[in-house]
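First the structure, in the form of structure tokens, and then the observations on it.
Numbering (the working numbering), first residue to last: 1 to 225.
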């Protein structure tokens, strides 16, 4: 988002972004509630997956009838290149995870801090590359969709995986309260940033972006402590 704020153009129509930002806020609140109760059991996972299914249905219905014009490409083997790219992402994600576990065992840093730094940055690199490629081609709506959609999927899908794979009885909600508060603040700032990005000047959106970076480093200090 910091890289994207360098662009001066507005990128999406207000009715479309309003719907998606409302979905993002409600999905964040649902993640809050699930973590407050018990995030790592099968029932919480089912609730999150049902919410994700509902979001997909809303997206589908809201975009029904909207046709997007795409440039025809003469490049061959596009499907094979897509599969190769996905395979590379899977391998890179595995290497990042393995490296993160090595850091845990060697240095002894907490799991939450490693997740906030090594894993978070590593898994965000493909998203950054995709956003840069789309922005360079003028696909600004796709960039906005990437920013909003990735946050929704991370909350509703990724958080549901531990409960499906195997539940954990040990969970202390109280130690998560500061981080969850920062998460909610970051989400609100994120939504405010996108709203300002519609019609406000670049300087205003950059100010919101700076607040996001401050919130991220604040969450790092909370995770480390």
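C-beta atoms are modelled at their ideal positions from N, C-alpha and C, and glycine is treated no differently.
Since the structure is predicted, the reported quantities are computational estimates derived from the model, not experimental observations.
Residue i, DSSP secondary structure in three states
i           : result
residue 39  : coil
residue 159 : coil
residue 63  : coil
residue 149 : helix
residue 81  : helix
residue 166 : coil
residue 137 : coil
residue 19  : helix
Residue i: CB within 7 Å of a non-hydrogen atom of the ligand NAP
i          : result
residue 55 : Within the structure as shown, the ligand NAP is missing, as the structure has no ligands at all.
Rounded C-alpha distance that separates residue i from residue j
i           : j           : result
residue 149 : residue 132 : 16 Å
residue 214 : residue 180 : 16 Å
residue 40  : residue 164 : 8 Å
residue 90  : residue 43  : 28 Å
residue 138 : residue 155 : 28 Å
residue 98  : residue 123 : 13 Å
residue 210 : residue 47  : 34 Å
residue 103 : residue 92  : 17 Å
residue 55  : residue 157 : 11 Å
residue 80  : residue 182 : 41 Å
Integer-rounded CB distance, given that residue j should sit under 8 Å from residue i
i           : j          : result
residue 51  : residue 30 : 6 Å
residue 142 : residue 49 : Not confirmed; about 25 Å, so no contact.
Does the pairing of the segment 179-193 with the segment 20-39 give three or more beta-carbon distances under 8 Å? The count of Cβ pairs closer than 8 Å, one atom from the segment 179-193 and one from the segment 20-39, reaches three, so the stretches are in contact.
Do the segment 27-44 and the segment 133-147 meet, that is, are 3 or more Cβ pairs less than 8 Å apart? Contact between the segment 27-44 and the segment 133-147 is absent, with fewer than three C-beta pairs closer than 8 Å.
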